[in-house]
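Peer 1:
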Amino acid sequence: MVTHSYIAKKIDTPLLTLAQAKKQCKVSDDLTYEDDLITEYNVSAQFACENYLNRSISKRDFVMEASKFFSPITFERNYENDVITKIEYYAPGATILTLLPSDQYKLRKSNTIECFDIYFVSMPETAERDDAVIITIAQGFDAAACPKPILQAIRLQLSSLYVFREDGNGNNAASLNLLRPYRKF
Numbered sequence: 035m036v037t038h039s040y041i042a043k044k045i046d047t048p049l050l051t052l053a054q055a056k057k058q059c060k061v062s063d064d065l066t067y068e069d070d071l072i073t074e075y076n077v078s079a080q081f082a083c084e085n086y087l088n089r090s091i092s093k094r095d096f097v098m099e100a101s102k103f104f105s106p107i108t109f110e111r112n113y114e115n116d117v118i119t120k121i122e123y124y125a126p127g128a129t130i131l132t133l134l135p136s137d138q139y140k141l142r143k144s145n146t147i148e149c150f151d152i153y154f155v156s157m158p159e160t161a162e163r164d165d166a167v168i169i170t171i172a173q174g175f176d177a178a179a180c181p182k183p184i185l186q187a188i189r190l191q192l193s194s195l196y197v198f199r200e201d202g203n204g205n206n207a208a209s210l211n212l213l214r215p216y217r218k219f
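Mapping the sequence shown onto the numbering used here, position 71 (from 1) lands on 105, and the numbers just tick up by one.
Quick look at the structure:
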């Protein structure tokens, strides 16, 4: 049984660089007095897109802890590119984690909508503790791997926030249209 799950590490660096953000906002590279403001809008635009999608865009490590091995372990996927980074476990009487070889498990699409299943070839004995098995899953994208419609949606959201900063309405219909196919309901 999975006892805990949490985000262990999230990369908070925006997918768009400052230069890309300035270009989207039509601000010359040599003008630097609004760099902090544009950076904040860039972060806010990505955050707004993540909120609309109900999933992370940038890279993060999702960790699940279980009291023992069982098969399958089902988890809600972030995107199709979720990858198991490592599976570690406490053997009976051990005080340090043992790495389960990658040929001893498989990640497959689940019959449950928006989920993946982890199947184990072997299930070693574990110590009796809530975190006997620790599974780390890499989720999200770096800028090079991010789907182009999501990056464009971030750009559109950014420019809306920058241009319409005084009226408080940063919603951009074109941005939401680009994100809709990736949204988790």
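Heads up, the beta-carbon is just placed ideally off N, CA and C, and yes, glycines get one too.
Computed from a predicted model, the values in this text were never measured in an experiment.
State the CB to CB distance for the pair Phe154 and Gln138, rounded to an integer number of angstroms; the pair is presumed to be in contact (CB under 8 Å).
Peer 2: With a Cβ gap of about 6 Å, Phe154 and Gln138 count as contacting.
Peer 1: Using the DSSP secondary-structure output, state which residues sit across from Asp69 in a beta bridge.
Peer 2: BP columns for Asp69 are empty, so no partner.
Peer 1: Where do the N-terminal and C-terminal ends of the beta strand (DSSP E) with Arg94 fall, by residue?
Peer 2: Taken as a continuous stretch (DSSP letters only), the beta strand (DSSP E) holding Arg94 covers Arg94 to Ala100.
Peer 1: Taking the alpha carbon of Thr73 as the reference point, which residue from Leu50, Lys93 and Met35 has its own alpha carbon closest?
Peer 2: The shortest C-alpha separation from Thr73 is found at Leu50.
Peer 1: Across which residues does DSSP place Asp151 in a beta bridge pair?
Peer 2: Paired residue(s): Thr108 and Arg142.
Peer 1: Compute the Euclidean distance between the alpha carbons of Thr132 and Ala55, then round it to the nearest angstrom.
Peer 2: Near 44 Å, if we compare the C-alpha coordinates of Ala55 and Thr132.
Peer 1: May I ask which residues mark the beginning and end of the beta strand (DSSP E) holding Ser39?
Peer 2: Per DSSP, Ser39 belongs to the beta strand (DSSP E) from Val36 to Lys44.
Peer 1: Going by CA-CA distance only, name the one from Leu87, Thr119, Ser101 and Phe175 that's closest to Lys218.
Peer 2: Cα-wise, what sits closest to Lys218 is Leu87.
Peer 1: Under the three-state reduction of DSSP, which class applies to Ile118: helix, strand or coil?
Peer 2: Correct three-state label for Ile118: strand.
Peer 1: Taking the beta carbon of Val167 as the centre, do at least 16 other beta carbons fall within 10 Å, making it buried, or is it exposed?
Peer 2: It counts as buried.
Peer 1: Whole angstroms is fine: what's the gap from Leu52's alpha carbon to Leu71's?
Peer 2: C-alpha separation (whole angstroms): 10 Å.
Peer 1: Please confirm if the region 89-102 is in contact with the region 206-215, defined as three or more CB-CB distances below 8 Å between the two stretches.
Peer 2: Not touching, per the Cβ criterion.
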